[in-house]
Amino acid sequence: MELIHLRILLALKRHGTLSAAADTLHLTQSALSHQIKNLEQRLGVTLWYKQGRSLILSQAGRYLSEVAESVIATVDSAENHLAQLAAGKTGKLTIGIECHACYEWFRNILQPYLRAWPELTVEVTSRYRFESFEAIRQYKLDAVLTSDPVDNGLLSYQPLFDFELVLIVADSHPLAGRTEITPADLRGETVLTYPVARDRLDMFRKVLQPAGIEPAAHIPVEETDIMLQLAAAGRGVCLLPEWLLADKHAKLGLTGLRFAGLPIGKTMYLACRHEDAGLEYLRWLVEHAATAVEVEAHR
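At position 189 of the sequence shown the residue is numbered 189 (full-length UniProt numbering), and the sequence of numbers has no breaks.
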């Protein structure tokens, strides 16, 4: 089966007549009929039949036309992308956000990034949050922002910036006056986290579980701003990057606390396919990553 067969069936489905399909594909009607007849003989099925002056797709033809919708869309997209590259344009970047806090960082760098790459189409998605690395391998994503690299040799991880996680509490919280805290201090607390499995949450895997601590309550919160507002209202405590406090602590009345003997340092990475690591518009993100964090920290 060749692409021309799928294009013919798709054209017939959309236009309904042999002549219209032939005109769309710039083929003669006899050439089009010959292509489908050969395919029917090879597959052993009837793909269309005549009804008056129209051609009606058979059950097999309808099935194959549905396949054609998906396949042709993918091929056309690839051809368009390659044409943009051949013309010296930068094409399209589809970047996945693997962690919630990454949105806050990317928000700070997005406008200068778009100005630096005016011809680049940028799509940001969290659609593949739990399957992002497989999505890169399948070319559904071009890159992913993550602070939890998977060392499997399949992807290139380029460090963007280092950061530290701190416990964020309201200024009025009893712990706010402490210089250092311990995991045991959270035994009677309500912890606020993003809505993901515990084994992916640093609050549990790096702080509570190693110390054998179970908090009084655990509330999942989808949005960072909502989580910070809940913490400011004394409704719970949360573990977030320290740089997120820069624009929020004075406005909301929040304090960041460190755990005694338990520094929680992390690194934000840009993950991509090895062959794409040298692309200029990805290297720009790596080179300017720290700038966005500094801007947030000095607000």
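Ideal Cβ placement from N, Cα and C applies to all residues, glycine included.
Do L47 and I36 have their beta-carbon atoms positioned less than 7 angstroms apart in this structure?
Stepping through the sequence shown from its first residue, residue 36 is reached at position 36. Stepping through the sequence shown from its first residue, residue 47 is reached at position 47. Yes.
Taking E189 as the reference, give the member of G236, Y103, I72 and H274 with the closest Cα.
Here residue 189 corresponds to residue number 189 of the sequence shown, with the count starting at 1. Nearest of G236, Y103, I72 and H274 to E189, Cα basis: G236.
What separation, rounded to the nearest whole angstrom, lies between the Cα atoms of K266 and F106?
Position 266 of the sequence shown, counting from 1, holds the residue named residue 266. Position 106 of the sequence shown, counting from 1, holds the residue named residue 106. Their backbone Cα atoms lie some 17 angstroms apart in a straight line.
Distance check for T193 and G203, CA to CA, integer angstroms please.
Counted from its first residue, the sequence shown places residue 203 at position 203. Counted from its first residue, the sequence shown places residue 193 at position 193. Reading the sequence as shown, one finds Met at residue 203 and not Gly. Taking the straight line joining both Cα atoms gives about 8 angstroms.
Cβ pair count under 8 angstroms reaching 3, the stretch 59-73 against the stretch 18-31:
no
Quick check: the Cα distance between L167 and K248, rounded to an integer number of angstroms?
Within the sequence shown, numbered from 1, the residue matching residue 167 stands at position 167. Within the sequence shown, numbered from 1, the residue matching residue 248 stands at position 248. One C-alpha to the other measures close to 14 angstroms.
Provide the residue(s) that pair with C272 in DSSP beta bridges, ordered along the chain.
Taking the sequence shown and counting its residues from 1, one reaches residue 272 at position 272. A143 and S156, per the DSSP bridge assignment.
Where DSSP assigns a beta bridge to A170, which residues make up the other side?
Locating residue 170 in the sequence shown gives position 170, counting from the first residue. In DSSP, A170 forms a bridge with L254.
Is it buried or exposed, M227, if we count other Cβ atoms within 10 angstroms and call 16 or more buried?
Residue mapping note: residue 227 aligns to position 227 of the sequence shown, counting from 1. Buried, by the Cβ-count rule.
DSSP beta-bridge partners for K266?
Stepping through the sequence shown from its first residue, residue 266 is reached at position 266. Paired residues: F163.
Outcome for Y269 when other beta-carbon atoms lying within 10 angstroms are tallied against a minimum of 16
Indexing the sequence shown from 1 puts residue 269 at position 269. By the neighbour-count rule (16 or more Cβ atoms within 10 Å), Y269 is buried.
So the beta strand (DSSP E) E123 belongs to, where does it begin and stop?
Within the sequence shown, numbered from 1, the residue matching residue 123 stands at position 123. Looking at the DSSP string, the run of the beta strand (DSSP E) that includes E123 is T121 to T125.
Can you give the Cα-Cα distance for S70 and L10, rounded to whole angstroms?
Here residue 70 refers to the residue found at position 70 when the sequence shown is read from its first residue. Here residue 10 refers to the residue found at position 10 when the sequence shown is read from its first residue. Between S70 and L10, the C-alpha separation is close to 10 angstroms.
In terms of residue numbering, what span does the beta strand (DSSP E) encompassing S54 cover?
Position 54 of the sequence shown holds residue 54. Per DSSP, S54 belongs to the beta strand (DSSP E) from S54 to L57.
Please return the same chain residues whose Cβ sits closer than 7 angstroms to the Cβ of R258, not counting the five positions on each side in sequence.
Counting from one through the sequence shown, the residue named residue 258 turns up at place 258. Within the same chain, R258 has close Cβ partners V166 and E180.
Per DSSP, what are the beta-bridge partners of T193 in this structure?
Translated into positions along the sequence shown, residue 193 becomes position 193. Note: T193 sits in a beta bridge opposite P220.
Same chain, Cβ closer than 6 angstroms to H274, five either side skipped, listed in chain order
Counted from its first residue, the sequence shown places residue 274 at position 274. Answer for H274: S156, listed in chain order.
T24 (DSSP reduced to helix, strand or coil)
Position 24 of the sequence shown, counted from the start, is the residue given in the question as residue 24. If DSSP states are grouped into helix, strand and coil, T24 belongs with the helices.
Please state whether DSSP places V237 in a helix, a strand or coil.
For the purposes of this step, residue 237 is taken as the residue at position 237 of the sequence shown. Strand, per DSSP.
Beta-carbon gap between L254 and A232 smaller than 7 angstroms
In the sequence shown, the residue the question calls residue 254 occupies position 254. In the sequence shown, the residue the question calls residue 232 occupies position 232. Yes, the pair counts as a contact, with Cβ atoms nearer than the cut-off.
Is G188 helix, strand or coil by DSSP?
The sequence position of residue 188 within the sequence shown is 188, counting from 1. Note: G188 maps to coil in three-state DSSP.
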